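Undergrad:
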Ligand SMILES: NC(=O)c1ccc[n+]([C@@H]2O[C@H](COP(=O)([O-])OP(=O)(O)OC[C@H]3O[C@@H](n4cnc5c(N)ncnc54)[C@H](O)[C@@H]3O)[C@@H](O)[C@H]2O)c1
């Protein structure tokens with residue numbers, strides 16, 4: 089599908105819509121499409137009702153891995169589905185739970201949508217690449233280092249399996265592999281919120297920012313509004329695919345501290361601590377060639393502008 093015109097009635101289902109990225113996506117859809125009719129499914133295991141302030145659609149507060157969607161809603165009600173619901177706490181070590189909840193949720197959604205082949209854009213993750221320390225292209229081998237990343241690989245495999253069915257070959261099932269997303273509405277995530285927010289809290293709390301020695305580990309930090317932009321564009325893609333969703337630049341924790349100091353008018357020095365994790369990711373960066381060429385994705389934020397915008401947003405609310 090191509091995205092509808094701005095005054096069209098657009099009927100959209102967003103799973104995980106009370107979460108960080110999902111709620112930002114819901115807000116963007118309801119802002120840009122005044123006649124959008126949005127249904128959110130979220131069981132609030134890691135979401136927050138405050139993220140849905142001003143939401144004007146229907147909320148179904150249920151576990152996606154546990155409901156018969158057809159009994160609650162009709163496939164005919166939707167033009168597009170964005171699937172963001174997932175266990176997002178990467179520290180969850182219960183492998184059965186991580187796999188059951190994440191995979192079963194997606195399977196139920198696929199079965200719900202298959203007859204009408206409603207386009208689905210679903211959240212995958214850079215965690216599918218594992219710890220290989222290089223710039224990742226979508227064709228790289230997937231080597232997840234934790235069960236969270238493993239569950240995302242299974243989502244991609246499941247989508248590919250459906251697309252191998254002859255009558256489903258043209259179905260628009262698109263994965264967006266998010267890198268490190270940061271920005272407004274992640275506050276409810278606590279320890280799972282971005283490193284940028286963790287360092288912001290330390291620095292505005294009067295502490296020196298603490299990072300693992302020597303602060304030179306690099307990440308592809310992507311602003312949530314860019315992640316939302318890429319997610320909407322993926323719904324618009326001409327053919328099914330998997331799309332890296334990052335900023336395209338790798339920045340170090342020291343860079344983050346420098347930008348936070350600048351945005352906050354501080355000059356705090358980092359406190360470097362020993363890293364207790366033997367498998368800490370040294371480097372992530374998204375190669376955006378495919379997302380740019382096939383989706384027309386162009387990130388709007390560099391780290392400096394993204395942090396400046398985010399700090400302004402946080403300070404207006406404190
Ligand atoms: N934030 C990131 O940096 C990042 C990076 C890579 C991938 N992702 C993916 O993006 C998506 C959104 O992540 P987020 O950062 O907004 O996390 P989040 O935890 O804020 O949002 C996830 C939402 O899904 C809901 N949920 C989880 N399982 C559910 C289920 N079975 N039924 C109904 N609701 C359920 C939660 O209550 C929550 O509101 C997730 O799929 C996540 O894996 C995020």
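Numbering (my numbering), first residue to last: 89 to 406. Beta carbons are placed, not taken as given, at the ideal position from N, Cα and C, and that holds for glycine. The structure displayed is predicted, hence computed values, not measured ones.
Do residue 284 and residue 344 count as a contact pair if the criterion is CB distance below 9 Å?
TA: Contact: yes.
Undergrad: List the endpoints of the continuous alpha helix (DSSP H) containing residue 192.
TA: Where residue 192 is concerned, the enclosing alpha helix (DSSP H) stretches over 183-201.
Undergrad: Alpha carbon to alpha carbon, how far is residue 237 from residue 372? Give it in angstroms, no decimals.
TA: So the alpha carbons of these two residues sit roughly 14 Å apart.
Undergrad: Going by the DSSP bridge assignment, what does residue 339 pair with across the sheet?
TA: DSSP output for residue 339 lists 307 as bridge partner(s).
Undergrad: What does DSSP give as the partner residue(s) for residue 127 in the beta ladder?
TA: The partner list for residue 127 (beta bridge, DSSP) reads 101 and 146.
Undergrad: Out of 130, 400, 341 and 219, state which residue places its alpha-carbon closest to the alpha-carbon of residue 303.
TA: Of the candidates 130, 400, 341 and 219, the one whose C-alpha sits nearest the C-alpha of residue 303 is 341.
Undergrad: Exposed or buried, residue 326, counting other C-beta atoms within 10 Å across all chains shown (16 or more means buried)?
TA: Answer is exposed; the Cβ neighbour count stays below 16.
Undergrad: Which two residues bound the contiguous beta strand (DSSP E) that contains residue 298?
TA: It spans 298-300 - the beta strand (DSSP E) in which residue 298 sits, taken as one unbroken run.
Undergrad: Indicate the three-state DSSP secondary structure (helix, strand or coil) for residue 161 in the structure shown.
TA: Coil at residue 161, not helix or strand.
Undergrad: Taking the alpha helix (DSSP H) that residue 404 falls in, what are its first and last residues?
TA: It spans 391-405 - the alpha helix (DSSP H) in which residue 404 sits, taken as one unbroken run.
Undergrad: Kindly list the residues whose CB is nearer than 8 Å to the CB of residue 188, restricted to its own chain and excluding five residues on each side of it in sequence; keep chain order.
TA: Contacts found: 153.
Undergrad: Among 123, 265, 258 and 181, which has the Cα closest to the Cα of residue 336?
TA: Taking only the C-alpha atoms, the option nearest residue 336 is 265.
Undergrad: Considering only C-alpha positions, which residue in the set 92, 267 and 109 is nearest to residue 123?
TA: Residue 123 has its Cα closest to that of 92, out of 92, 267 and 109.
Undergrad: Quick one: grab the DSSP three-state call for residue 386.
TA: Coil at residue 386, not helix or strand.
Undergrad: Please confirm whether residue 322 and residue 262 have their CB atoms less than 9 Å apart.
TA: Cβ distance < 9 Å, so residue 322 and residue 262 count as in contact.
Undergrad: Might you give, ordered along the chain, the residues of its own chain that have their beta carbon closer than 7 Å to the beta carbon of residue 144, omitting 5 neighbours on each side?
TA: Cβ neighbours of residue 144 beyond the five flanking positions: 118.
Undergrad: Measure the C-alpha to C-alpha separation of residue 136 and residue 315 and round it to an integer number of angstroms.
TA: Their Cα atoms are separated by approximately 19 Å.
Undergrad: Can you tell me where the alpha helix (DSSP H) holding residue 244 begins and where it ends?
TA: Counting along the chain, the alpha helix (DSSP H) containing residue 244 begins and ends at 235-252.
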